[in-house]
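The listed protein sequences derive, respectively, from chains E and P. So that you can map any letter, position 81 of the first sequence is 81 in the working numbering, and since no number is skipped, the others follow by simple counting. To convert, count from 1 in the second sequence and add 394; that's the working numbering. Read the structure below first, then the notes.
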Amino acid sequence: MEPEQHPIRLVVADDLRRSRLTVLFRLLLSLPHLVWLWLWTLVVLLAAVVAWIAALFAGRLPDPFHRFLSAYVRYGTHVAAYLSLAANPFPGFVGRPGSFPVDLEVAEPERQNRWSIFFRPILGIPALLLAAAFSGGNGGGGGGGAIGTSAFLGWFASLVRGRMPGGLRGLLAYSIRYVAQTYGYLLLLTSRYPDAHPAAPVLERPLDHPIRLEAREDLRRSRLTVLFRLLLYLPHLVWLLLWGIAAFLAAIANWFAALVRGRPAPPLHRFLAAYVRYLTHTSAFVYLVANPFPGFTGRPGTYPVELLIAEPERQNRWVTGFRLLLALPAILLLSALNAAFGISAALAWFHSLVLGRTRPGLLGLGAYSLRYAGQVYAYLLLLTVRYPHSAPPA
Amino acid sequence: MPRPLSGFLAVLAAGGWLAAAWYLWQTSVPTGLDLPDLEPSRFFSRATLEEADDYGLVLDVLAVGAAAALVAVLAVYAAKGAAFARESAAGRIGTGMLLGMLGLGLVWLFQIGFGVAQLWWQRRHGLSRQGYVEWLLGDWWALGAEFLFVCLALVIVMGLAGPLGDRWWLAAAPAFVGLTLLFAFLLPYLLAEATARPDPQLAADARRVAATQGVEKVPLRVQEVSGHTSLPNAYAAGLGPSRKVVLWDTLLDDRFSDEEVLVVVAHEYGHHAQQHIWKLAGWFALFAFPGTAIVALATRRRGGMRRPEAVPLGLFLVVVLQLLAQPVSNEFSRRLEAEADWRALEATRDPEAAAGLFEEFTRLALEDPEPPGWAYFFQATHPSVMERIAMAEAWRARREGRSRAG
Ligand SMILES: [Zn+2]
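This is how it looks when you write it as structure tokens:
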């Protein structure tokens, strides 16, 4: 999946190394930037109105506005990256391009459709909702959103190890990029809609994880099944609950088996793998990541969104014993990512109902969330010993 | 099977069916009871009669429209619906479930208009207190319940049609009857949340009325519905130990006298005393066997009910058969209701209160005292208000006749 370049790109040149001392005081160290950003925002609010009127006349954003507003969005990106531990060094105060390891490249101003300029404040609302879910502002269900939760978890990890986990940094870069593109769109830096597709930026190849997700790039959605999607999901919900009771008992048995034998019992592994696959199929259906009505058995290869689960492997008994505790950070992150996922599904619902197809970005975000969810459940149910990896797919 | 034997079995089955139908048809209302022919104008003002007439006519027309939409949508769906199988990645049964749900979903879409119009009409006459959005949301979730129900039915039918082929109905019909009984048994527990105990005076009166009918163990409950509607209603629910009589709180807001409320209570206890819920389940069983057999036969050219492509046609057939059976099922229901009225008269020995209650149904709920024949034939599950008043009169005449003779 290679979407064409968005005019607003995030460039990451970060080496994951973190200075423990600045991590410890990161929030306080950010205070001057937050105050400065706030003042800058007041000016931008006024400038944006003038820029909007000017752009309506000129059919494009005049150059001085473009420079000023891009600097603002870039600066905001630097501050967000610093505060959330997506980057290590203390940023400058002017948003100079190329001055920070997590940087924003903004293309030159281009002609824009006047209608699109005129309705920009309204057109931006769906993106703003999703951006809010990422940053944990109003509407972010998962407490701090993906950014806040990643920063919270990353703070502990960086303090202890002096390094930011690559998965968290990947998720942060992805979320920050989306927020930056949203502001860029609202402030008329580009007429291209924000792209929720996680494919870019490529940071580092995600590890070859034993739990992978394959999503067919099929955007067509049947309007009728979209309209009734929630109700059509009901029989699956009933079946998920019933199967879930059995899976819960099987998971406990599997836990004892893994503690005693050092590896999960193959029949239980198969049973639980089918359950997690079924969970993935049905979630993909109800969140509109895929179109067709899924089957009830979780049989592999039956659905356009497929979770690939490796064979049972040896597992460290300590990691097995404390699995529930160890999984807590991943569960926290999952719930934050799910807040964005939920918003994206709502947007996909309206889009699909009207146009009969969904957007690649929403599909990508959905597949990404489902992959992470699959990894979290697989980790919890002892299908793998590998920790869930939160970076977006390459 | 050799030909004479299967012929013999068919005759036996038909004979058994007729005998069972005859048995269920009998009621304890005295045969030869002479219902006097009463003029509605003797009981109601002209304005009341006209309003009830208008009100009922519009609702009847809307009901016919909704039924026509139902048949039309499902007829088209029976022809074209199988194409939706491409929206499924599920197996045989799962795809069938999707097709069943989508059929009901389409019906819902095309019936919304009638539902809204009905609500508007009821609100106009002060009989509903529901808002439109509230109604739509409630209807949406009711559709969810229908989806789950059709899924369950299709799991049974298609699950059995796999191994049994076109004989699935021989096993499915008893399964449906069993499920009906199970739901009838469980219903009072599902409703327990929404109901409360009545006040002690009413509870004592109810126990007395119940005792005369031999069902004093069945408790009385009150359900709060006055937030949505002002229509008075009550029902008997449950089987054996789960049996309950439930009154809507709209009966207890001082529009009805204590004696009238007691007639309602006695009527519902009458349903329990005469085992009406068992009889209804038996009636359902009488139709379940031939009905499923017809569906099994008629879907054969689509590969039978084991194939998901046959589901839209199956859905259409079920609905059409149900509509065809409706007039005779309505007559059956009216017989049971008349019997419950008779039991109530015997238990309360108060024909004035009974007649007063039935009159209130027209004054307060705008029930047409003498609905047009076609509406009565296709839709009425209860005797008309005039018939019910006439029965109260007949009961009084019988008592007077007896006391004169004695
Ligand atoms: Zn009744």
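Each residue gets a CB set at the ideal place from its N, CA and C atoms; glycine is no exception.
Using a C-beta to C-beta distance shorter than 9 Å, which residues of chain P count as neighbours of G92 of chain E?
At a beta-carbon threshold of 9 Å, none of the residues of chain P lie near G92 of chain E; the nearest stands roughly 52 Å away.
Which whole-angstrom value is the C-beta distance of P393 of chain E and R371 of chain E, which I expect to be below 8 Å?
7 Å
Which chain E residues sit within Cβ distance under 7 Å of M491 of chain P?
What M491 of chain P touches in chain E: P235.
Step through the CB atoms of chain E and report whether any lies within less than 7 Å of the CB of L468 of chain P.
It does not; no Cβ of chain E falls within 7 Å.
Any beta carbon from chain P within less than 7 Å of H6 of chain E's own beta carbon?
no
Going by DSSP in three states, A87 of chain E sits in which element: helix, strand or coil?
coil
Chain E beta carbons: is any one of them nearer than 7 Å to that of G538 of chain P?
Yes - at least one Cβ of chain E is within 7 Å of the one on G538 of chain P.
Taking 6 Å as the line, does the beta carbon of E731 of chain P fall inside it for any heavy atom of ligand 1?
yes
Taking buried to mean at least 16 other C-beta atoms within 10 Å of its own C-beta, is F25 of chain E buried or exposed?
exposed
Short check: CB of P7 of chain E to CB of R192 of chain E, under 7 Å?
yes
Would you tell me roughly how many angstroms separate the C-alpha atoms of A173 of chain E and V12 of chain E, rounded to the nearest one?
8 Å
In whole angstroms, what separates the C-alpha of T623 of chain P from that of F508 of chain P?
18 Å
Quick one: which residues of the segment 277 to 302 of chain E get their C-beta closer than 9 Å to a C-beta of chain P? List them in chain order.
H281, F285, A290, N291, P292, F293, P294, G295, F296, T297, R299 and T302
Does the Cβ-Cβ distance between A690 of chain P and D560 of chain P come in under 7 Å?
Yes, the pair counts as a contact, with Cβ atoms nearer than the cut-off.
Does DSSP classify F228 of chain E as helix, strand or coil?
coil
Unbroken alpha helix (DSSP H) runs of length 4 or more, entirely within the segment 27 to 79 of chain E: which are they?
none
Quick one: list the residues of chain P neighbouring L231 of chain E, beta-carbon separation under 8 Å, in chain order.
M495, G499, W534, L537, G538 and F541
I need the boundaries of the beta strand (DSSP E) containing L10 of chain E, first residue and last residue.
I8 to V12
When you compare the CB of G488 of chain P with every CB in chain E, is at least one pair closer than 7 Å?
yes
Could you pull out every unbroken alpha helix (DSSP H) segment of at least 4 residues lying fully inside the segment 561 to 621 of chain P, listed in chain order?
562 to 585 and 594 to 606
Might you give, ordered along the chain, the residues of its own chain that have their beta carbon closer than 7 Å to the beta carbon of G424 of chain E, omitting 5 neighbours on each side?
Residue 424 of chain E lies beyond the range of chain E shown here (1 to 394); nothing can be said about it.
Between which two residues does the alpha helix (DSSP H) harbouring Y471 of chain P extend?
R440 to K474
Using a Cβ-Cβ distance cut-off of 7 Å, determine whether T225 of chain E contacts chain P.
yes
Mapping the DSSP letters down to three states, classify Y629 of chain P as helix, strand or coil.
Here Y629 of chain P sits in strand by DSSP.
Apart from the five residues on each side of it in sequence, which residues of its chain come closer than 6 Å, Cβ to Cβ, to A290 of chain E?
A284, P304 and V305
Assuming L345 of chain E and G321 of chain E are in contact, meaning their beta carbons sit under 8 Å apart, how far apart are those beta carbons, in whole angstroms?
One point to set straight first is that residue 345 of chain E is Ala, not Leu, in the sequence displayed. Incorrect: roughly 36 Å between the Cβ atoms, too far for contact.
With burial defined as no fewer than 16 other Cβ atoms inside 10 Å of the residue's Cβ, what is the status of L28 of chain E: buried or exposed?
Of the residues assessed, L28 of chain E falls on the exposed side of the cut-off, its CB having fewer than 16 other CB atoms within 10 angstroms.
At the level of alpha carbons, what is the spacing between R793 of chain P and E740 of chain P?
10 Å
Output, in sequence order along the chain, the residues in the segment 253 to 275 of chain E whose CB is closer than 9 Å to any CB in chain P.
So the list is empty, because no residue satisfies the distance condition.
What residue range is occupied by the uninterrupted alpha helix (DSSP H) comprising E481 of chain P?
Neither: E481 of chain P is in no alpha helix (DSSP H) and is coded neither H nor E.
Threshold first: 4 residues or longer. Then list the alpha helix (DSSP H) segments lying entirely within the segment 81 to 160 of chain E, N to C.
114 to 118, 120 to 123 and 125 to 135
Using a Cβ-Cβ cut-off of 6 Å (strictly less than) and excluding sequence neighbours within five positions of R277 of chain E, which residues of its own chain qualify?
Close CB contacts of R277 of chain E within its chain, under the 6 Å cut and outside five residues either way in sequence, are with G298 and L307 (chain order).
I want to see whether chain P comes within less than 7 Å of F57 of chain E, judged by CB atoms only; does it?
no
Alpha carbon to alpha carbon, how far is L646 of chain P from L503 of chain P?
37 Å
By how many angstroms is the C-alpha of D103 of chain E removed from the C-alpha of L10 of chain E?
6 Å
Can you tell me which residues form a DSSP beta bridge with R17 of chain E?
E:R163
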